[in-house]
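Chemist: Before anything else, here's the structure in question.
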Amino acid sequence: MPNTIEIGNEGENIAENYLQELGYKIIKRKFHFGRIGEIDLIAKDDEVIVFVEVKARKSTEYGSGLEAITPTKRRNLINVARGYLYVNKIENTYTRFDVISIDLSKKPPKIEHIINAITII
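Each residue of the sequence shown is one higher than the last, beginning at 3 in this note's numbering.
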């Protein structure tokens, strides 16, 4: 049985291919910022930098991937994204947060892409 890292990597591979098929340009994979956390994928959709959280599941026994994004996880994603922009000296650009949930129990895997899923207030 695959472990959570293998499931996560499989989901990220599927999400990366899916986004590329839609015309996104992948900038970075697994960007870490200190101990705050990581962003699975960073991509460009035209001129917009898109921070993508990928949630892959082999079953829905413990809920969908989308349900795993808690308020704490949202806050950490926002802070890691700010870190990415700071480290790369990126200012005055449009950004958004997408979530891609992948149900690996389906053949082919079922992909749900929520554009602008996380908003900064």
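Glycine included, C-beta positions come from ideal geometry on N, C-alpha and C.
Between which two residues does the beta strand (DSSP E) harbouring Thr97 extend?
Modeler: Thr97 -> beta strand (DSSP E) spans 97-105.
Chemist: Using only the alpha-carbon positions, how far apart do Asn78 and Thr72 sit?
Modeler: In a straight line, the C-alpha of Asn78 is about 10 Å away from that of Thr72.
Chemist: Between the beta-carbon of Ile120 and the beta-carbon of Phe99, is there less than 8 Å?
Modeler: Going by C-beta atoms, Ile120 is nearer than 8 Å to Phe99.
Chemist: If you follow the beta strand (DSSP E) that Asn118 is part of, which residue opens it and which one closes it?
Modeler: Looking at the DSSP string, the run of the beta strand (DSSP E) that includes Asn118 is 112-120.
Chemist: Exposed or buried, which one is Leu24 when buried takes at least 16 other CB atoms within 10 Å?
Modeler: Exposed, since its Cβ has fewer than 16 Cβ neighbours within 10 Å.
Chemist: Give me, in chain order, the residues of the same chain whose beta-carbon lies closer than 8 Å to that of Ile9; leave out the 5 immediate sequence neighbours on both sides.
Modeler: Correct list, in chain order: Ala58, Arg59, Lys60, Leu106.
Chemist: Would you list the residues sitting across from Leu43 in a DSSP beta bridge?
Modeler: In DSSP, Leu43 forms a bridge with Arg31, Val54.
Chemist: Under the assumption that Ile41 contacts Tyr86 (Cβ atoms under 8 Å), give the Cβ distance between them as a whole number of angstroms.
Modeler: With 8 Å as the limit, Ile41 and Tyr86 qualify as a contact, their Cβ atoms being about 7 Å apart.
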